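For reference, the structure discussed in these notes is given below.
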Amino acid sequence: MKLKLSEVTKRFDGHLVLDGISLALEKVHTLVLIGPSGGGKSTLLRIIAGLEYPDSGEVVIDDETVQFQEAALLQHRRTIGTVFQAFNLFPHLTALQNITLPLEKVHQHSPKEAEEIARQFLARFRLENHASKRPAELSGGQRQRVAIARAVSIKPKLLLFDEPTSALDPEMTAEVLDMIRELREEGRDFILVTHEMGFARQVADQVALLADGRIVEAGAVAQVFENPSSAASRDFLSKVLKY
Ligand SMILES: Nc1ncnc2c1ncn2[C@@H]1O[C@H](COP(=O)(O)OP(=O)(O)OP(=O)(O)O)[C@@H](O)[C@H]1O
Ligand SMILES: [Mg+2]
């Protein structure tokens, strides 16, 4: 994908949360956002997903400027697959129904088509035996894998994942990261917020480090991790890379 953010600014209750975010990437498959808590990563991701309005600035994906007006955003959101930290699934629906619901209601597939697509993705991610389970009957890792299968099933042009493993124990984290790696190898485009630095290093083409609403460091993985230029990023990286 080609991604251009120009001076994206966002305030919550007068508090500046994104302070003029600019980033221009000609070609990127996996952009990883890292940075300290409260730095604005989720807010930026939600703006790119069209779930939140910026106060000013511009988001351009593959030469298309995102129009921050409700009707245009409905269309934009249809092209993006999102997975958040936790509570992604509807608790009263089965794994299968969680995937078929958006396919029917948002993407206008017939119930039969939606079920075919959902079963195909459940099988692809080795979840076919869990199709009729509700989220409470699935492990945390299985829940996130269903959420990822749902995000991918809508044929998105871009996947946005916000700390999809932060609520999981190490074994389940590995399951979910394997799935992300598999999708990446398939050539999907991702923007991923993660605290898994080892994983970030393996999968990212580009890394942006956000702190206090600004991008304090951006570039190729090796450059950002091995040779950070600002004091703020050296400080953050020395803390997170310590262990
Ligand atoms: N809906 C909201 N209303 C008011 N303030 C908000 C809202 N969403 C986020 N904020 C504030 O914006 C700032 C940035 O939050 P954000 O969730 O984007 O950070 P983050 O980098 O994702 O942090 P973390 O790593 O902890 O997830 C925080 O100070 C947060 O309290
Ligand atoms: Mg966040």
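Mapping of the sequence shown onto this note's numbering: position 8 corresponds to residue 452, and the numbering continues sequentially without gaps.
Just so it is clear, CB atoms sit at the ideal spot from N, CA and C, and this is done for glycine as well.
On a predicted model such as this, the values are computed, not experimentally measured, just so you know.
Legend entry - Inter-residue spacing [alpha-carbon to alpha-carbon] between E509 and M445: Position check: residue 509 holds Thr in this sequence, whereas Glu was assumed. Spanning the alpha carbons of T509 and M445 requires a straight line of approximately 13 Å.
Legend entry - 4-residue-minimum alpha helix (DSSP H) runs that sit fully inside the stretch 523-610, ordered along the chain: 539-549, 555-568, 584-597, all fully within the stretch 523-610.
Inset, instruction - Report back the beta-carbon spacing between A662 and I478 to the nearest angstrom; my notes put them in contact at under 8 Å. - result: Between A662 and I478 a beta carbon distance of about 10 Å is seen, past the 8 Å cut, so the two are scored as non-contacting.
Legend entry - As assigned by DSSP and simplified to three states, the class of G663: Of the three classes helix, strand and coil, the one that applies to G663 here is strand, per DSSP.
Legend entry - Nearest-angstrom Cβ-Cβ length linking L621 and E640, presumed shorter than 8 Å: Contact between L621 and E640 is confirmed by a C-beta separation of about 7 Å, below the 8 Å threshold.
Inset, instruction - To the nearest angstrom, report how far apart D679 and Q667 are at their CA atoms. - result: Taking the straight line joining both Cα atoms gives about 15 Å.
Legend entry - Residue range of the unbroken beta strand (DSSP E) whose run includes T453: Start and end: 447-456.
Legend entry - Residue environment, R570, which counts as buried when at least 16 other CB atoms sit within 10 Å: In this structure R570 is exposed. Its beta-carbon is surrounded by fewer than 16 other beta-carbon atoms within 10 angstroms.
Legend entry - Inter-residue CB distance, T474 and F634 (contact presumed, cutoff 8 Å): A Cβ-Cβ separation of about 5 Å places T474 in contact with F634 under the 8 Å criterion.
Inset, instruction - Quick one: measure Cβ to Cβ for A618 and V527, integer angstroms, because I've assumed they're closer than 8 Å. - result: With a beta-carbon spacing of about 17 Å, A618 and V527 fall beyond the 8 Å limit used to define contacts.
Legend entry - V684, DSSP secondary structure in three states: V684 falls in the helix class under three-state DSSP.
Inset, instruction - Take N542 as the anchor and find which of L495, S677, H520, L582 has the nearest alpha-carbon. - result: In terms of Cα proximity to N542, the closest of L495, S677, H520, L582 is L582.
Legend entry - Euclidean distance between Cα positions of G401 and A676: With the chain running from 445 to 687 in the structure shown, residue 401 is simply not present.
Inset, instruction - Could you tell me how far apart the beta carbons of S576 and L540 are, in whole angstroms, since I believe they sit closer than 8 Å? - result: 6 Å between Cβ atoms; contact.
Inset, instruction - Consider the C-beta atom of V461 and the heavy atoms of ligand 1; say whether any pair is separated by less than 7 Å. - result: Yes, the Cβ of V461 comes within 7 Å of a heavy atom of ligand 1.
Inset, instruction - Compute the beta-carbon to beta-carbon distance between A460 and G657, rounded to the nearest angstrom, for a pair I have assumed lies under 8 Å. - result: Per the sequence presented here, residue 460 reads as Leu, with Ala not at that position. About 6 Å separates the two Cβ atoms, so the contact holds.
Inset, instruction - Please classify Q513: does DSSP put it in a helix, a strand, or coil? - result: Here Q513 sits in coil by DSSP.
Inset, instruction - Anything with a beta carbon under 7 Å from a heavy atom of ligand 2 counts; list them all in chain order. - result: The set of residues with CB atoms less than 7 Å from any heavy atom of ligand 2 reads, in chain order, K485, S486, D606, E607, V637.
Inset, instruction - Apply the 10 Å Cβ neighbour rule to A593 and answer buried if 16 or more other Cβ atoms are within range, or exposed otherwise. - result: Buried, because 16 or more other Cβ atoms sit within 10 Å of the Cβ of A593.
Inset, instruction - Would you tell me roughly how many angstroms separate the C-alpha atoms of H553 and T523, rounded to the nearest one? - result: For H553 and T523, the distance between alpha carbons rounds to 15 Å.
Inset, instruction - Report the residue from E496, L489, G484, V503 whose alpha carbon sits nearest the alpha carbon of E451. - result: Comparing Cα-Cα distances from E451 to each of E496, L489, G484, V503, the minimum goes to V503.
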